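S.K.:
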Amino acid sequence: MELNQIYTQILTEHNNSKRNKHHIENPTATLKGVNPSCGDEIELELREKNGVIEDAGFTGVGCAISQASASIMIDLIKGKSTDEALKLAQTFFGMVKNEITDEKRLEVLDEAIALKDISHMPARVKCAVLGWHTLENAIKGEKDPE
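Numbering-wise, this note's numbering puts 43 at position 6 of the sequence shown, and it's gapless, one number per residue.
1. How far does the alpha helix (DSSP H) with aspartate 112 in it extend, from its first residue to its last?
2. Just the Cα atoms here: how many angstroms apart are aspartate 154 and valine 133?
3. Within the same chain, show all residues whose beta-carbon is closer than 7 Å to that of histidine 60, passing over the 5 residues directly before and after it, in chain order.
4. Leaving out five residues before and five after arginine 56 in sequence, what residues of the same chain have Cβ atoms less than 8 Å from its Cβ?
5. Residues in its own chain within less than 7 Å of asparagine 174 by CB, not counting five upstream and five downstream?
6. By a C-beta neighbour count over all protein chains shown, 10 Å radius and 16 as the cutoff for buried, is threonine 128 buried or exposed?
7. Using the C-alpha atoms, what's the distance from glycine 168 back to glycine 70?
8. How many Å lie between glutamate 50 and serine 106 at the Cα?
9. Under three-state DSSP, which class holds glutamate 179?
10. Which two residues bound the contiguous alpha helix (DSSP H) that contains glycine 131?
11. Under a three-way DSSP split, which group does lysine 141 fall into?
12. Quick check on glutamate 110: buried or exposed, where buried means 16 or more other Cβ atoms within 10 Å of its Cβ?
13. From what residue to what residue does the beta strand (DSSP E) around arginine 85 run?
14. Thinking leucine 123 and isoleucine 176 are a contact (beta carbons under 8 Å), I'd like their distance in whole angstroms, please.
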């Protein structure tokens with residue numbers, strides 16, 4: 038199996054999986070993210086305690102890329118400190134903008150590396166980063182846009 042087939046399989050599995058697509062109990066942060074250019078919407082819920090993300094989930098609708106990216110992100114951030122989660126988000130943004138290409142630096146992203154080549158499809162970058170921007174805003178305490 039070629040690498041791009043493995044990546045496609047990862048994205049398909051996350052898009053079809055419901056393991057991270059649900060409400061969580063007692064969230065400490067809830068924030069909506071919207072991609073107005075294509076209509077993707079997610080609502081991210083985080084439960085943080087003592088600076089650590091204990092649980093996370095999301096609901097919403099959107100393309101396979103936005104849904105899979107949010108699911109992969111949640112797998113990555115559970116159990117991490119909010120500072121670690123923000124660093125992961127910055128690494129992800131650097132990867133999809135093709136600013137970080139060093140494989141060693143990208144290893145921390147685990148399955149999110151499946152979205153590396155999204156940088157070659159500029160219209161889809163907003164889909165891939167929707168969950169990550171929502172995470173960043175939720176951690177920084179920003180409110181839903183009215």
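Where is the CB? At the ideal position from N, CA and C, for every residue including glycine. It should be emphasised that the depicted structure is a prediction, and the values quoted were computed from it without experimental measurement.
M.R.: So, from the data block:
1. Run containing aspartate 112: 101 to 114, per the alpha helix (DSSP H) assignment.
2. Distance between the alpha carbons of aspartate 154 and valine 133 is about 7 Å.
3. Contacts found: Glu82, Gly94, Thr96.
4. For arginine 56, same chain residues with a beta-carbon under 8 Å away, outside a window of 5 residues either side, are Ser108 in chain order.
5. The answer, listed in chain order, is Leu68.
6. So threonine 128 ends up on the buried side.
7. Between the alpha carbons of glycine 70 and glycine 168 lies a gap of roughly 7 Å.
8. The alpha-carbon atoms of glutamate 50 and serine 106 are separated by roughly 11 Å.
9. Coil at glutamate 179, not helix or strand.
10. Where glycine 131 is concerned, the enclosing alpha helix (DSSP H) stretches over 119 to 133.
11. Residue state, collapsed to three classes: helix.
12. The residue asked about is misnamed: residue 110 is methionine in this sequence, not glutamate. The residue is buried, with at least 16 neighbouring Cβ atoms inside 10 Å.
13. Inspection of the sequence shows that residue 85 is occupied by glutamate rather than by arginine. Note, glutamate 85: beta strand (DSSP E), 77 to 86.
14. 6 Å between Cβ atoms; contact.
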